[in-house]
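With the working numbering, the residue at position 109 of the sequence shown is 469, and numbering never jumps. Positions of the beta carbon are idealized from the N, C-alpha and C atoms, including for glycine. Here the structure is a predicted model, which means the values were calculated and not measured. Quick notes on the structure that follows.
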Amino acid sequence: MKKRVLLLISDTGGGHRSAANAIATALDEIDSPYSFEHRIEDVAAHCSFPLTQLGRGYSMALRYAPPVYGALYYATNGRRRYRALVRFCEPLYRERLRDLFSSYRPDVIVSVHPLLNHAALRARADAHMDDVPILTVITDLGKVHESWLTPQSDAVAVPAREVYERALSRGIPPRRLHLLGHPIHPRFDDVVGTKEELRAQLGLPRDAFVIMLMAGGEGGGKLLSTALALARARLPIQLVVVCGRNELLRQRLTEAARMLPTTIHVLGFTENIPEYMRAVDLLVTKAGPGTLAEANAAQLPIVVYDYVPGQERGNVDFVRRNGLGAVAIRSAAEVVRAVRSLIRDPDRLVHIRRNQGALAPQRSSRQIAALIARMANESVPRLQAVASL
């Protein structure tokens with residue numbers, strides 16, 4: 361017997377799809393008392409214009425006008441303001457999302473995007489599927505956007521204690537809150553081998569201080585300028601720069617590396633991030649919540665050099681508040697100073713790793729998959745009783 365799980369995302373950045381893929385992979389491991397089939401749907405494909413352009417609009421805003429995106433984020437981050445946005449958007453998705461639910465007939469609906477929680481609740485009612493539970497999986501950290509905090513969801517998986525407390529303050533009953541960590545791919549739990557063995561596998565030097573730079577799956581942003589600044593600083597380091605799918609950036613860095621005083625290992629998109637995070641000494645990254653959670657799981661100290669305005673500001677504060685590394689968002693020169701300071705202070709690196717160990721998600725995606733399995737097997741009366749608290 362198989363159960364069906366519908367995972368709702370929007371391809372605004374790669375993090376939501378990565379989280380959904382991590383959960384889906386964990387669901388594939390379950391085979392008792394039944395197995396799961398799953399479907400990941402970009403809801404924009406089931407909307408009317410202009411929501412069909414949500415992903416493209418998000419990418420354009422971040423590339424050409426990040427402050428405008430940040431202003432829109434804050435403008436909608438309030439209960440009344442967000443309700444007004446929901447009322448405006450409902451006619452653009454309501455019928456098509458209802459039809460998706462009716463045709464797929466899921467046993468559990470999982471929202472992995474803040475704008476889809478209210479949409480899922482409305483479409484479920486329209487499809488007369490109130491017996492199908494909805495799980496919200498929050499993938500941001502710190503003071504998350506109001507759209508994540510939907511008391512009507514049957515269960516809410518939260519990634520951190522701060523998010524748990526904020527959800528409580530917004531009226532979500534404790535029995536429906538599950539502090540499970542950010543959903544990172546199960547492969548991060550399964551890395552084997554010592555640091556020396558992993559470095560040998562990856563072609564990294566045994567004794568050098570190795571720093572990895574990332575900017576998400578698409579690369580870009582301040583990654584090039586930050587990498588060049590570190591490579592020119594003549595620090596006692598080697599660099600691993602992950603360019604993701606940004607082939608132009610990979611080519612430019614590969615050409616520049618020949619003339620720089622620091623050894624640079626330039627990578628495109630790679631599936632070996634779990635191994636690299638266990639093999640290197642420091643991560644310099646944009647403040648994507650998935651990357652931060654992965655680094656915590658690997659106990660890899662962090663330097664944050666960039667963030668998405670509004671959306672990722674809470675992640676920056678999360679790093680500062682929990683002592684997970686350094687924040688250097690003003691300039692590439694500040695990044696160099698932060699890295700130099702950490703290299704010279706090995707005791708601080710040990711302290712950061714301890715903090716990360718205390719906060720790291722433990723089998724997060726597998727725990728979320730187990731929660732989905734329980735929800736698929738729960739009776740309607742029990743879910744309704746929980747929802748009435």
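Quickly, what does DSSP pair residue i with across the bridge? List them, please.
i	result
R441	According to DSSP, R441 bridges with nothing at all.
M574	T645
I728	According to DSSP, I728 bridges with nothing at all.
K363	F396
E401	L368
I662	L643 and G685
F569	I597
V497	A517
V752	Residue 752 is absent from the structure shown; the chain starts at 361 and stops at 749.
V602	L627
What do you get for residue i, buried or exposed, if any count of 16 or more other CB atoms within 10 angstroms of its CB means buried?
i	result
Q598	buried
D705	exposed
L460	buried
E654	buried
Y394	exposed
G438	exposed
V523	buried
M572	buried
L606	Reading off the sequence shown, one finds Asn at residue 606, where the question assumed Leu. Buried.
M735	buried
L608	exposed
D391	exposed
D567	exposed
D707	exposed
G717	exposed
S378	buried
E506	buried
R536	buried
G563	exposed
N737	exposed
T630	exposed
V516	buried
P721	buried
S585	exposed
H473	buried
G650	buried
R484	buried
Starting from the C-beta of residue i, find all residues in its chain whose C-beta is less than 6 Å away, skip the five residues before and the five after it, and write them out in chain order.
i	result
S471	L368, N477, A480 and T496
L509	A527 and R530
G628	C603 and R610
L366	R399, Y464, P466 and I469
D486	R458
P493	V468, D514, M735 and L743
A384	H398
G648	G375 and G576
A593	V696
H625	V600
F678	L501 and G502
L660	M637 and L643
Does residue i get closer than 8 Å to chain D when you measure Cβ to Cβ?
i	result
N656	In the structure shown, chain D cannot be found, because there is only a single protein chain.
Apart from the five residues on each side of it in sequence, which residues of its chain come closer than 8 Å, Cβ to Cβ, to residue i?
i	result
L719	A520, N656, N682 and L684
A435	R441
E401	L366, L367, L368, I369 and L460
V518	I498, Y524, A527, L537, H538, L539 and L540
Starting from the C-beta of residue i, find all residues in its chain whose C-beta is less than 7 Å away, skip the five residues before and the five after it, and write them out in chain order.
i	result
R482	E450 and R454
A693	A589
R638	V551, K555, L558 and A658
G581	A575, K646 and D666
F569	P596, I597, D641 and I703
V504	I498, V523, R526 and G674
M549	The question names Met, but residue 549 in the sequence shown is Asp. R723, listed in sequence order.
N715	N682, G683 and L684
K362	Y394, S395, F396 and E397
R700	L595
Relative to the ligand HEM, is the shortest distance from any of its heavy atoms to the C-beta of residue i smaller than 7 Å?
i	result
T623	The model depicted lacks the ligand HEM and carries no ligand whatsoever.
> If we count Cβ pairs, one from each stretch, closer than 8 Å, do we get three or more for the stretch 526 to 544 versus the stretch 723 to 739?
Replying inline: yes
> What runs of the beta strand (DSSP E), each 3 residues or longer, lie entirely inside the stretch 610 to 660?
Replying inline: 624 to 627 and 642 to 646
> Counting only runs that start and end within the stretch 504 to 548, where is the beta strand (DSSP E) found for 3 or more residues in a row?
Replying inline: 515 to 518 and 537 to 539
> Should the stretch 395 to 405 be called in touch with the stretch 659 to 679, which here means at least 3 C-beta pairs below 8 Å?
Replying inline: no
>> Does the stretch 614 to 621 come into contact with the stretch 510 to 519, if we say contact requires no fewer than three beta-carbon pairs (one atom in each stretch) closer than 8 Å?
In response: no
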